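Asker: Here the sequence shown stands for residues 1 to 942, where the numbers follow UniProt numbering.
Glycine is no exception: its CB is placed at the ideal position from the N, C-alpha and C atoms.
All of these numbers come straight from a predicted model, not from anything done at the bench.
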Amino acid sequence: MKLKEIERTAAQAWSPANNHPIYLATGTSAQQLDASFSTNATLEIFEVDFRDPSLDLKQKGTLPASNRFHKLIWGNFGNGSPESSGVIIGGGDNGVLTMYSVHRILASKSEPVIGQTEKHSGPVRALDFNPFQSNLLASGANDSEIFIWDLNNFSVPMTPGAKSQPHEDISVVSWNRQVQHILSSAHPSGKAVVWDLRKNEPIIKVSDHSNRMHCSGMAWHPEVATQLVLSSEDDRLPVIQIWDLRFATSPLSQLEGHTRGVLSVSWCQADPELLLSSAKDNRILCWNPNMGEVVYELPIRSQWCFDVQWCPRNPSVFSAATFDGWINIYSVMGGNLEAQQKTQADKISSSFNNLDPFGTGQILPPLQVPEQVAQTTLIPPLKKPPKWIRRPVGVSFAFGGKLITFGLTKAPGQQMQQTYPHQVFISQVTTETEFLLRSRELQMALQSGNLLDYCQGKIQTAKLPFDENLWNFLKVNLEQESRSKLLKLLGYSKEDLQKKITSCLSNGIPDKQPLPEANETNAAQPDQLLINSSDAVAAVSSSAFFDNLIPQNISTLEIPVTEDTDGLISQALLLGNFESAVELCMQAERFADAIILAIAGGENLLRETQKHYFAKQKTKLSVLLSSIVQQKWQDIVCTCNLQSWKEALAILLTYSKHEDYTQLCDMLGARLESEGDAGLSNDACLCYISSGNVERLVECWVKNHETSSPLALQDLIEKVMVLNRSIEMLQGTAGPAPGPVLAERITQYASLLASQGCLAAAMDYLPRSSKELLIEQLRDRLFHAQGANVGDQQPPPFPYTRVNVGVIKHTSPAAKGGSAPEGAASKTGPRHPEKPNYQSSFAPSAPSQPSVPSLFTPQPVPAMSMTPHHVTPPQASTGPQTGVYSRGSPYPQYNLGLVPAAISGQGLLYLQRTSQLSERLGSSETSSSSNCCCMSTDIKHI
């Protein structure tokens, strides 16, 4: 697309790449006359401002010149000073070579001409600056004259060697872009000479044997030091020849696209795959020399373009000078001419300044440009992205910790027809080494079943008392008689308590009330107190009992029948009225007598008596006695002081039934979570461990601990897996399916393992009985990501809703009443049956070796070499088509570093974008042939 234009019949030169803003220098062209037949010469400098939407260039400096120009070039010489903008060298008639100061031209100060020489014997048509030393200039003229100028001493040139024979004009000189002492020259006869300035002699000559090669242009390859191109202006051979000096007997290849002679060529320094050419057929073409194809073409113009040049600073822009007296600036990135035309129309319209020249009282309407129906307003860009916007390297993480990288491997001196290989590397990245070590230890402990030693190791390495206590709880759950051992962890041991009681009894315990004396006649003997006990009643049938009841020194039995409390109690007992007797004793606060009488009166009376007793006795001990005697465990859990949670848990461990224990522990843990501080909330985890509630343990742990880091997540999973295994050992069956919170953490953990390359281990940690969507989706992906490593395992159920995307066949109205359309969507069953007989919901299976890979530093392994090639577009066919994801192997098999795959360099993005899609489609039926055709997209267009 055209960006700028200027009406000049002139030679042109861009400012160097390091100059800003961008300038374009023009010098009146020699051997050309305009309509005025003027012979004056002018050197002008224009600023190229792409921010300005107009096509005009801003003139920044002008200078009358004494000679017209055959060649103009702008160099960096003198750019070291802040005010310098380089120099412009102009080659004119009669061997005149003039050096101008750009800064002086732009500033309109002192004399801009800083050097001039007439050493050449004819017009100077060839100029080029050395890309490595800005002070070295090569020039070529008639009679095979080539001079090398040092701009520091512009008066005395040197020659690269003896003049080539026979003597002829020099049409082009060009410095090698990789080797600073190599210079080449081209002659109209089609011969090119390569000079070595260190030897001051030509080292090689190349020429076409057809004798029809009239060389008009020459350019070195920007990156390959041994390759150059020559263009022919002969209409009989309008070609561009690519030569490699290692095979200088014939051209390496030819670019044939022009119908008449080629006038100029320019090789883009930012992308070696872009070569501009202009010819007598009025066409400007942009070639890809590697492929020999045209990647961009400007619309045909009415005049020849005798010079094309890439802009050094903006590589997507080039200029073209034509014989009709215009210099145009274009972009190879395409564009829209309609907006450009509208801008021009607005500019013309605004020049009238909305005046009212006819006195009508109305302003002029906007200028309307006639619409050109046949003109194409949209100009397409290059067929492929240029190098400066193309990623030279790329990297992407794939599922399973795979790192996919690609880059361009340079091969110096490589032949042109062999394109650079694009290599793809697949590496296994391991970043969490400590996490993998701990995961391996856990997996080995689960597989071997030696969890007691694993817990003991955790206890010994625990850094915090809470962690040590927690692992002690987990370890006890794996042992026999776990309740008594949990009591010991809470600080209550039967053996230690018995020692304390024995010690206290031996020292004597002071009582609040004095004991009755033994010589009192009313004192009750111990033997008499046992008469109504259950042991005494059971011994009545034994004759030995009666033998032992020989009255010795027994006082006389007196039964009081007075009206006081004792008499009323005696009368009630005589009549068997235990209820009244107990009531009298309770009223007189004779609680011991009441309890003894209630025992004799039956279970119901004893229960009521206990209630009355506990209602009257309000001490700390009585509340505990009340709850234990009446088995009100829920009251203990709900009313106990949270600081005494260990004592409450000890009561549950001692007295509660197994079927109630789990619920009561969960209630105690919930109170600690909701009502306690951070420390008590942590202690709630111990309650959940005691009850075996994995889901509540995870919820509590997540609430009080961070699990975002791999090691923190590993801490949680270790506790979860050990607790779940203890439940399985206790119940003999798999534990309950995980809830949403646990499922999320298990999925996160398995995904982390998969990211480190442990696909099989991650698969084992996913509970098979879970119906959580996250787990089902990850299980499906892990299964198919393993490829052939899964062996004969049954695939998991398909976790996604199936949608029939096939083409619905339309039936006639008459046929609709009889049956449903054939293509109607129908609900299908699972893709594969679920694997039966799962032994555990969490615990990994026990393979012969742990599936966690050994740790290593990621190193790139070349997996495939991708050579760009043409891919034939899919042809239409009347027969059935097979998509690239037809059935067979469910997923692509990746053989790292073994099998090279020939694939387009541009196809890598296609592979990355479709890798996950292939997992979904690999093992399922292809819905329709039309979808398969869509998947078979030509990779080179991706």
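Which residues in the same chain as E145 place their Cβ atom closer than 6 Å to its Cβ, once the five residues preceding and following it in sequence are excluded?
Answerer: Contacts found: H120.
Asker: Applying the criterion that 16 or more other CB atoms from any shown protein chain within 10 Å of the CB defines a buried residue, is D56 buried or exposed?
Answerer: exposed
Asker: Once the 5 residues before and after L490 are set aside, which same chain residues still bring their CB inside 7 Å of it?
Answerer: Cβ within range, chain order: K646, L649 and A650.
Asker: Among A141, P160 and L137, which has the Cα closest to the Cα of L151?
Answerer: Closest option to L151, Cα to Cα, is L137.
Asker: Identify, in the order they occur along the chain, each residue of the same chain with its Cβ nearer than 7 Å to the Cβ of P202, setting aside the five sequence neighbours on each side.
Answerer: G161, S164, V193, V194 and W195
Asker: Per the DSSP calculation, N288 is bridged to which residue(s)?
Answerer: Per DSSP, E293.
Asker: For a test of the three-state rule: what should DSSP assign to D453, helix, strand or coil?
Answerer: helix
Asker: Quick check: what's the CA-CA separation for W633 versus L652?
Answerer: 7 Å
Asker: Kindly indicate which residue of L680, S674 and C687 has the alpha-carbon position closest to the one of C665.
Answerer: Closest option to C665, Cα to Cα, is C687.
Asker: Out of G61, S189 and I204, state which residue places its alpha-carbon closest to the alpha-carbon of R212.
Answerer: Comparing Cα positions, the closest option is S189.
Asker: Shortest alpha-carbon distance to W310 belongs to which of L276, M291 and V294?
Answerer: L276
Asker: How far does the alpha helix (DSSP H) with H784 in it reach, from first residue to last?
Answerer: L773 to A785
Asker: Quick check on DSSP: helix, strand or coil for N837?
Answerer: Confidence at N837 is low in this model, with a pLDDT of 39, below 50, so its placement is unreliable and the value that follows should be read with caution. Of the three classes helix, strand and coil, the one that applies to N837 here is coil, per DSSP.
Asker: Output the distance between the C-alpha atoms of L478 and S396, rounded to the nearest integer angstrom.
Answerer: 45 Å
Asker: Could you tell me the alpha carbon to alpha carbon distance between H20 and V317, rounded to whole angstroms?
Answerer: 15 Å
Asker: Throw me the rounded Cβ distance for the residue 944 and L106 pair, which I believe falls under 8 Å.
Answerer: For residue 944 there is no data in the structure shown, the boundaries of the chain being 1 and 942.
Asker: Given a cut-off of 8 Å on the beta-carbon distance, is the pair M586 and A594 in contact?
Answerer: yes
Asker: Between the region 709-716 and the region 688-696, are three or more C-beta pairs nearer than 8 Å?
Answerer: In the pairwise beta carbon analysis, the region 709-716 is classified as not touching the region 688-696: fewer than three pairs are separated by under 8 Å.
Asker: Using CA atoms only, rank isn't needed, just tell me which of S110, P795, L723 and A141 is closest to L446.
Answerer: L723
Asker: Using 8 Å for Cβ pairs, my map puts P238 next to W267. What's the rounded Cβ distance?
Answerer: Between W267 and P238 the Cβ distance is about 18 Å, and since that is not below 8 Å, they are no contact.
Asker: Could you pull the start and end residues of the beta strand (DSSP E) that S266 belongs to?
Answerer: Residues V262 to W267.
Asker: Pick helix, strand or coil for G601, following the three-state DSSP scheme.
Answerer: helix
Asker: Let's test the definition: count the other Cβ atoms within 10 Å of the Cβ of D683 and tell me whether it reaches 16, buried, or not, exposed.
Answerer: buried
Asker: Can you find the residues in the same chain that come closer than 7 Å, C-beta to C-beta, to F77, ignoring five residues on each side of it along the sequence?
Answerer: Excluding residues within five positions, the ones whose Cβ falls inside 7 Å are G86, V87, S134, N135 and L151.
Asker: Return the Cβ separation of L263 and S253 in integer angstroms, given the expectation that the two are a contact with Cβ distance under 8 Å.
Answerer: L263 to S253, Cβ: 21 Å. No contact.
Asker: Which of helix, strand or coil does DSSP assign to I426?
Answerer: strand
Asker: Taking the alpha-carbon positions, what's the I459 to E718 distance?
Answerer: 13 Å
Asker: Would you mind reading off the limits of the alpha helix (DSSP H) that contains D660?
Answerer: H658 to E675
Asker: Assuming M333 is part of the alpha helix (DSSP H), what are its boundary residues?
Answerer: Element bounds for M333: n/a, residue is neither H nor E.
Asker: Can you round the beta-carbon distance between A750 and G400 to whole angstroms, since I take them to be within the 8 Å contact cut?
Answerer: So it is not a contact: roughly 12 Å between Cβ atoms.
Asker: Counting only runs that start and end within the region 189-247, where is the beta strand (DSSP E) found for 3 or more residues in a row?
Answerer: 191-196, 201-207, 215-220, 227-232 and 240-244
Asker: By the DSSP assignment, the beta strand (DSSP E) with I114 in it spans what residues?
Answerer: V113 to T117
Asker: Whose C-alpha, out of S210, M218, V156 and N153, is nearest the C-alpha of S174?
Answerer: M218
Asker: Measuring alpha carbon to alpha carbon, tell me which of A734, A761, G735 and P736 ends up nearest T747.
Answerer: A761
Asker: Between the C-alpha atoms of T609 and A588, what's the straight-line distance to the nearest angstrom?
Answerer: 14 Å
Asker: Run through DSSP, which three-state label would F37 get?
Answerer: coil
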